[in-house]
Structures are given as C-alpha cells and as structure tokens.
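Asker: Note that the sequence shown covers residues -22 to -1, 1 to 146 in mature numbering (1 follows the signal peptide of the UniProt record, and there is no 0).
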Amino acid sequence: MLKTICIVIISFINVVPLLLLAENSPKNYLKAHNNARAEVGVKPLDWDPQLELHARKFVEKHIADCKKAFLDESLASKYGQNYAYSAPPQTAAEAVARWVKHKHNYDYKSNSCIDGTINCLCYTQVVWNSTTFLGCANVECHNSGASLTTCLYHPQGNIPNQHPYNIH
Ligand SMILES: *[C@@H]1O[C@H](CO)[C@@H](O)[C@H](O)[C@H]1NC(C)=O
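1. Given this structure, state the Cα-to-Cα distance separating E118 from E1, to the nearest angstrom.
2. Is N144 near ligand 1, in the sense that its beta carbon is under 7 Å from a heavy atom of that ligand?
3. Can you list, in chain order, the residues of its chain whose CB lies under 6 Å from that of P4, leaving out five sequence neighbours each side?
4. Measure the C-alpha to C-alpha separation of N139 and D50 and round it to an integer number of angstroms.
5. Give the list of continuous alpha helix (DSSP H) stretches no shorter than 4 residues that lie fully inside the segment 26 to 102.
6. Secondary structure at A10, three-state DSSP: helix, strand or coil?
7. If you reduce the DSSP assignment to three classes, tell me which class N136 lands in.
8. Examine ligand 1 and report whether any of its heavy atoms sits within less than 7 Å of the Cβ of G135.
9. I believe residue 215 touches T128 by the beta-carbon criterion, under 8 Å. Please report the beta-carbon distance rounded to the nearest angstrom.
10. Rounded to whole angstroms, what is the Cα-Cα separation between L126 and P22?
11. Measure the CB-CB distance between N97 and P142 and report whether it falls below 8 Å.
12. Quick one: measure Cβ to Cβ for A62 and N6, integer angstroms, because I've assumed they're closer than 8 Å.
13. Flag N89 as yes when its Cβ comes closer than 7 Å to any non-hydrogen atom of ligand 1, and as no otherwise.
14. Alpha carbon to alpha carbon, how far is G135 from F111? Give it in angstroms, no decimals.
15. What is the DSSP secondary structure of A115, counted as helix, strand or coil?
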C-alpha cells in the first residue's frame, strides 16, 4: 500500500508560548481533532492508550534530533501518522490546529491538495471517517527550544483512491 504522511515544520522566533504539560492531555488532542471532524459530519475519535504509547516512544526516540524525525516504517505500516516540529515549542492544540489549517489546501472534488503538494494530508488524516482511534505525544526537544508532536491513527487514513469522508 502506498503510504503517505504529513509533516509540518514551523519555526518562529518571535512568539514564545508558555508551554504547560496540562495543555498536552488526551482531552486537548481529542477536542482539536473532533471539532474538525464535526465540521464535515464525521464521528469523533476515541483515545487509545496503546497508540499514545507508540507515539511517546517515537517522540522520545527523536528528542535529540527532533527536526529530523523521519517516518518510522514499523509504525507507518500499521498506523496513520501526523507530526509537527515547532520552534519554539507548541501545545497540542496548536499542533493539531496547524494540521487542520491544511483544509484550505484540500480539494474534495479531485481528492487532492490544491497546490499539487502533499500539504493537505495532515488534514485528510484528521477527518478520515473510518479512523476511530487516536493516540498522541509531545516532547520538548533537547537544546533547541523546540517541540515534536506526533499523533497516530487507527485504522489509518490517506488510503489512495478513497475520499476521507462522504458528502451527503
Ligand atoms: C462514515 O462512515 C460510515 C460507515 O461507513 C457511514 O455510514 C457514514 O455515512 C460516513 N460518514 C461520512 C460523513 O462520510
């Protein structure tokens, strides 16, 4: 199966948000995802602690080389994955908001990204109808004033030749 993944890399130096661990709870990730899903009539995701564990292992593995966090093949074969690198660190809601922003670059009719890139696949994974479970993790990267956030999705979305959801 063709596997597509979406990565968002953001670097700002002028805005430094206060990052609280409490802002990266399952509730924060779920709310940001489920609001975007509700907008297109797709049912909400549930939290899966097992996915969270895999996500945590991924971000912790890359804590020293956050910016170069590559796709993990063993995860990619089983799950959908979105990730975001941000300097300075961002919260769960901010990371998900950046994926959701890609909505503007998604054309439903052609089922592709408007600008011909892959810069809408974070969004299409967020709203993928047949995805039911979510697990995410976030770390503050070593020495860099940055964060790495990843979410894993099961069953995985962005399946070629399928739309993320139906328009009724
Ligand atoms: C989501 O999938 C279910 C089950 O296949 C289907 O009944 C429903 O219409 C779908 N909703 C959307 C918005 O695609």
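Note that CB positions come from ideal geometry on N, CA and C, so glycine has one too.
Answerer: In terms of the structure at hand:
1. On the sequence shown, position 140 is the one that residue 118 refers to. On the sequence shown, position 23 is the one that residue 1 refers to. Rounded to the nearest angstrom, the two C-alpha atoms are 13 Å apart.
2. Position 166 of the sequence shown holds residue 144. Correct: N144 has its Cβ closer than 7 Å to ligand 1.
3. Position 26 of the sequence shown, counting from 1, holds the residue named residue 4. The residues are W25.
4. On the sequence shown, residue 139 is found 161 positions in, with the first residue counted as 1. On the sequence shown, residue 50 is found 72 positions in, with the first residue counted as 1. One C-alpha to the other measures close to 23 Å.
5. 27 to 39, 51 to 54 and 70 to 78
6. Translated into positions along the sequence shown, residue 10 becomes position 32. Residue state, collapsed to three classes: helix.
7. Counting from one through the sequence shown, the residue named residue 136 turns up at place 158. Looking at N136 - three-state DSSP - the assignment turns out to be coil, as it is neither helix nor strand.
8. The residue you call residue 135 lines up with position 157 of the sequence shown. It does not: the Cβ of G135 is nowhere closer than 7 Å to a heavy atom of ligand 1.
9. Since the first residue of the chain shown is -22 and the last is 146, residue 215 is not available in this structure.
10. Position 148 of the sequence shown holds residue 126. Position 44 of the sequence shown holds residue 22. Computed Cα separation, rounded: 24 Å.
11. Locating residue 97 in the sequence shown gives position 119, where the first residue counts as 1. Locating residue 142 in the sequence shown gives position 164, where the first residue counts as 1. The answer is no: Cβ separation not under 8 Å.
12. Residue numbering aside, residue 62 sits at position 84 when the sequence shown is read from its first letter. Residue numbering aside, residue 6 sits at position 28 when the sequence shown is read from its first letter. Actually they are not in contact, since the Cβ atoms of A62 and N6 sit about 14 Å apart, beyond 8 Å.
13. Here residue 89 is taken as the residue at index 111 of the sequence shown, counted from 1. No, the beta carbon of N89 sits no closer than 7 Å to any heavy atom of ligand 1.
14. Along the sequence shown, one-based indexing puts residue 111 at 133. Along the sequence shown, one-based indexing puts residue 135 at 157. Each residue's Cα considered, the two are about 11 Å apart.
15. Residue 115 sits at position 137 when you count from the first residue of the sequence shown. The answer is strand: DSSP assigns A115 an E or B state.
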